[in-house]
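Asker: Can you read through this structure? Questions will come right after.
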């Protein structure tokens, strides 16, 4: 653990810095590994219960709802989503800050950024709801959570693709162009398999054909996996920035403020203009910083 003297300039700085790309990878891997574990355990130890349908026709894959409603699968899934949800809120806030910086003088894009943020929160809340209320406990609540998750996810992807189409239109960054292309492809992929899953689900409930629910479960897996991959594109969006990414500019300004207050008497008046991202420090703010703050 790093130790600094009391009153040091570094005493309020974070002791641990986590690259945002690593945070994105960890955030996506948690539900991915949890889903794989739940499906594998359901097939190995609870095959009959996991693949049972009300039609009692042959089915070879469990739906996600069936896989995460069994024991111990439900606890594995809840543990994974519990750890996964907090960083998801952090990522949503990071994107809101990112969009505000890109569209600072464009009202419609600012409003779309706010809507995208609210949809990201709604998607995460829906995921938590369908996770912690299983289909075996209260089916109506679980179903509502699933609908909220899928609906918010699709609209969130659509709004995100619209924002990134505007960014990519004027961007020369290879990472931003790659991020936009992957987002758009994953959105189309996700939307297609959402429609296909809905078709197979309705057909199974209407005609009770053998194997149709297996196709529904397979489409459901692909929908969830493409959703995870969509959120994984944050790897290109934030590059090597550290979490939280919005604090970097504030920290830079704070360091320049301290330097100007300490060395201000040695500089000619107006030297602060040499710092393009630095705001002019008023005398009152420097007076609030006692000499002991720099020792």
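Numbering (UniProt numbering), first residue to last: 1 to 295. No residue lacks a Cβ here, since even glycine has one placed at the ideal position from N, Cα and C.
Would residue 73 and residue 67 be called neighbours here (beta carbons separated by less than 7 Å)?
Answerer: For this step, residue 73 is matched to residue 73 along the chain shown. For this step, residue 67 is matched to residue 67 along the chain shown. Yes, they are a contact pair.
Asker: Indicate the three-state DSSP secondary structure (helix, strand or coil) for residue 19 in the structure shown.
Answerer: Position 19 of the chain shown holds residue 19. It is a strand residue.
Asker: By the three-class DSSP mapping on this structure, what secondary structure does residue 75 have?
Answerer: Position 75 of the chain shown, counting from 1, holds the residue named residue 75. Here residue 75 sits in helix by DSSP.
Asker: Leaving out the 5 sequence neighbours to the left and right, which residues in its chain are closer than 6 Å to residue 41 when beta-carbon positions are compared?
Answerer: Taking the first residue of the chain shown as 1, we reach residue 41 at position 41. Hits under 6 Å: 73.
Asker: Please check the pair residue 213 and residue 59, which I expect to be a contact at CB under 8 Å, by giving their CB distance rounded to whole angstroms.
Answerer: Here residue 213 refers to the residue found at position 213 when the chain shown is read from its first residue. Here residue 59 refers to the residue found at position 59 when the chain shown is read from its first residue. Right, the Cβ-Cβ distance comes to about 5 Å (below 8 Å), so this counts as a contact.
Asker: Taking buried to mean at least 16 other C-beta atoms within 10 Å of its own C-beta, is residue 266 buried or exposed?
Answerer: Numbered from its first residue, the chain shown carries residue 266 at position 266. With a pLDDT of 42 at residue 266, under the threshold of 50, the predicted position of this residue should be treated as unreliable, though the coordinate-derived value follows. Exposed is the call here.
Asker: Hey, is the segment 25-35 in contact with the segment 95-102, meaning 3+ C-beta pairs nearer than 8 Å?
Answerer: The answer is no - the segment 95-102 does not touch the segment 25-35, with fewer than three Cβ pairs under 8 Å.
Asker: Check whether the segment 211-229 touches the segment 189-203, taking contact to mean three or more Cβ pairs, one atom from each stretch, closer than 8 Å.
Answerer: Result yes; three or more Cβ-Cβ pairs closer than 8 Å.
Asker: Could you check if residue 172 is buried or exposed, using at least 16 other CB atoms within 10 Å of its CB as the buried criterion?
Answerer: Counting from 1 along the chain shown, the entry for residue 172 is found at position 172. Looking at its Cβ environment, which holds fewer than 16 other Cβ atoms inside 10 Å, residue 172 is exposed.
Asker: Pick out the complete alpha helix (DSSP H) segments inside the segment 70-123, 4 residues or longer, and give them in chain order.
Answerer: Within the segment 70-123, the complete alpha helix (DSSP H) runs of at least 4 residues are 73-102.
Asker: Please classify residue 170 as buried or exposed, where buried requires at least 16 neighbouring CB atoms within 10 angstroms.
Answerer: Start at 1 with the first residue of the chain shown, and residue 170 comes out as number 170. Exposed.
Asker: Going by beta-carbon coordinates alone, are residue 237 and residue 179 separated by less than 7 Å?
Answerer: As a first step, residue 237 must be located in the chain shown, where it is residue number 237. As a first step, residue 179 must be located in the chain shown, where it is residue number 179. Yes, they are a contact pair.
Asker: In this structure, how does DSSP classify residue 31 when only helix, strand and coil are distinguished?
Answerer: Here residue 31 corresponds to residue number 31 of the chain shown, with the count starting at 1. Three-state DSSP puts residue 31 in a helix.
Asker: Following the continuous alpha helix (DSSP H) through residue 141, name the residue where it begins and the one where it ends.
Answerer: By one-based count along the chain shown, residue 141 stands at place 141. 139-169 is the extent of the alpha helix (DSSP H) around residue 141.
Asker: Using beta-carbon positions only, say whether residue 118 and residue 149 come within less than 7 Å of one another.
Answerer: On the chain shown, position 118 is the one that residue 118 refers to. On the chain shown, position 149 is the one that residue 149 refers to. No, the pair does not count as a contact, with Cβ atoms beyond the cut-off.
Asker: Does the beta-carbon distance from residue 124 to residue 88 come in below 7 Å?
Answerer: Counting from 1 along the chain shown, the entry for residue 124 is found at position 124. Counting from 1 along the chain shown, the entry for residue 88 is found at position 88. Yes, Cβ-Cβ distance for residue 124 and residue 88 is below 7 Å.
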